[in-house]
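Numbering (the working numbering), first residue to last: 468 to 832.
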């Protein structure tokens, strides 16, 4: 009985021990396999870091203004006798636009001219009599005063008549008429707007931190939000103060508008061109990975037997322009940096270069 029990216990121990030994051996072999197994190389595209001539700009938003634009207003009260323009007409300088009824003033001017002729005649006669010793000096002086008074009255009435005839102060495009023939108008009544669209101005603001490289005659580019039109020009004025509330500086640029496609009041996106800088190290934005720990890139390194691996390097990023980023620290010129496939990489991973998977190549296809 005891012999059978002993044999059963021994056999059970051997079986349990064999199972434990097998499991330990299997785990050891699996660990050894994975420890010696090399993952396949990851296909990535690379870009070579190199210095370029950096052409950057400062972006802002602005509002278009005409270089010469006014609201035309009536100078003298009266009935509108005639309107000589139509909406959106191109007018020339001193072109007659509106005529206010001036019949009374013309009659007064005729009387004033008659009085002036009489005063001149009397003055001439008195001077002749004085030369003959008949007229006194006092009489001549009185005649001179009357002549000057009559001449001033003629000048006054002539000026009033000029106010009754509205003329264009400069060449441009006139807007929609705000008055009608026969309407009674008073001084200050706006009857149309006149805009010279050949040259336009744009007002925009920059922060005080951005004002360092900006000066008069700095080139600018203006683009419309609708229509995708682009205009070039230069800064012509800078406000000599910083707004104490917004900490912004107002600037004004003059831009060419030869085809008249830009109108006052339009919203514009402004780019202020800064002086180019040589030797700035740049990378495409697709090459930089951002995380809570900072910005990093994967740099390709050559290992044993020319095998390629990557090293994760943290970099310091500077300015951005278009799809490029300035790299101020972390890499040097000539480094090959991964710009596609970073999501499958870790430090030390084996890679194979295949630039057909680059974002640029995909976009061209």
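Ideal Cβ placement from N, Cα and C applies to all residues, glycine included. Note that the structure is a prediction, hence the values are computed from the model and not measured.
* Asked: By the 10 Å Cβ neighbour count, where 16 or more other Cβ atoms means buried, how is residue 713 classified, buried or exposed?
  -> Classification for residue 713: exposed.
* Asked: CB-CB under 7 Å to residue 677, same chain, minus the five flanking residues each way: which ones, in chain order?
  -> So the qualifying residues of the chain are 525.
* Asked: With contact counted as at least three CB pairs below 8 Å, one residue from each stretch, are the region 773-790 and the region 734-742 in contact?
  -> Too few Cβ pairs lie closer than 8 Å, so no.
* Note the first and the last residue of the continuous alpha helix (DSSP H) segment covering residue 573. => Per DSSP, residue 573 belongs to the alpha helix (DSSP H) from 570-598.
* Asked: When you compare each of 768, 810 and 787 to residue 515 by their alpha carbons, which one comes out closest?
  -> For the residues 768, 810 and 787, the minimum Cα distance to residue 515 belongs to 768.
* So who's on the other strand from residue 528, going by DSSP bridges? -> Bridge partners of residue 528: 736.
* Test: residue 822 CB closer than 8 Å to a CB of chain C -> Among the protein chains of the structure shown there is no chain C, as only one such chain exists.
* Look at residue 548 and residue 566 and say whether their C-beta atoms are less than 8 Å apart. => Yes, Cβ-Cβ distance for residue 548 and residue 566 is below 8 Å.
* Which residues bound the beta strand (DSSP E) around residue 518? -> Here the beta strand (DSSP E) through residue 518 covers 517-521.
* Could you give the DSSP three-state label for residue 675: helix, strand or coil? => In the three-state DSSP reduction, residue 675 falls in the helix class (H, G or I).
* Taking just the CA atoms, how far does residue 523 sit from residue 788? -> Computed Cα separation, rounded: 6 Å.
* Helix, strand or coil at residue 488 [DSSP, three-state] -> Three-state DSSP puts residue 488 in a helix.
* Asked: Would you say residue 668 and residue 532 are within 8 Å of each other, going by their C-beta atoms?
  -> Cβ distance < 8 Å, so residue 668 and residue 532 count as in contact.
* To do: Given a cut-off of 8 Å, decide if residue 754 and residue 663 are closer than it, judged by their beta-carbon atoms.
  => Not a contact, by the Cβ cut-off of 8 Å.
* **For residue 730, the nearest candidate out of 568, 573, 639 and 624 (CA to CA)** => Comparing Cα-Cα distances from residue 730 to each of 568, 573, 639 and 624, the minimum goes to 639.
* Do you know how far the Cα of residue 540 is from the Cα of residue 653? -> The alpha-carbon of residue 653 is positioned some 9 Å away from that of residue 540.
* Do residue 691 and residue 635 have their CB atoms nearer than 8 Å? -> For the pair residue 691 and residue 635, the CB atoms are not nearer than the 8 Å cut-off.
* In terms of residues, what are the limits of the beta strand (DSSP E) holding residue 761? -> Secondary structure note for residue 761: its beta strand (DSSP E) is the uninterrupted segment 761-769.
* To do: Taking residue 718 and residue 671 to be in contact with their CB atoms under 8 Å, please state how far apart those CB atoms are, rounded to whole angstroms.
  => Rounded, the Cβ-Cβ distance is 6 Å, consistent with contact.
* **DSSP state of residue 550 mapped onto helix, strand, coil** => DSSP places residue 550 within a strand segment (E or B) once states are collapsed to three.
* Asked: Should residue 723 and residue 666 be called a contact, given that it needs their Cβ atoms to be closer than 8 Å?
  -> Residue 666 sits close to residue 723, with the two beta carbons spaced by under 8 Å.
* Measuring alpha carbon to alpha carbon, tell me which of 573, 792 and 545 ends up nearest residue 624. => For residue 624, the nearest C-alpha among the options comes from 573.
* Could you give the distance in angstroms between the alpha-carbon of residue 689 and the alpha-carbon of residue 507? -> Straight through space, the alpha carbons of residue 507 and residue 689 are spaced by roughly 51 Å.
* Asked: Where does the unbroken beta strand (DSSP E) through residue 822 begin, and where does it stop?
  -> No beta strand (DSSP E) contains residue 822, which DSSP labels as neither H nor E.
* With DSSP run on the structure shown, which of helix, strand or coil describes residue 829? -> Any answer about residue 829 is weak, because its pLDDT of 40 lies below 50 and its placement is not dependable; what the coordinates show is given next. Taken through DSSP and simplified to helix, strand or coil, residue 829 comes out as helix.
* Taking just the CA atoms, how far does residue 781 sit from residue 679? -> Going by the C-alpha atoms only, they are around 30 Å apart.
* C-beta atoms of residue 521 and residue 711 nearer than 8 Å -> Result no, Cβ atoms of residue 521 and residue 711 do not sit closer than 8 Å.
* Would you say residue 777 and residue 816 are within 8 Å of each other, going by their C-beta atoms? -> A contact, by the Cβ cut-off of 8 Å.
* Asked: Under a three-way DSSP split, which group does residue 611 fall into?
  -> Three-state result, residue 611: helix.
* **Terminal residues of the beta strand (DSSP E) in which residue 751 lies** => Residue range 744-751 is occupied by the beta strand (DSSP E) that includes residue 751.
* When the Cα atoms are used, what is the spatial distance from residue 803 to residue 683? -> Rounded to whole angstroms, the gap between the alpha carbons of residue 803 and residue 683 is 41 Å.
* Asked: By a C-beta neighbour count over all protein chains shown, 10 Å radius and 16 as the cutoff for buried, is residue 487 buried or exposed?
  -> Counting Cβ neighbours within 10 Å, residue 487 comes out exposed, since fewer than 16 surround it.
* For residue 686, write down the residues that DSSP places opposite it in a beta bridge. => 701.
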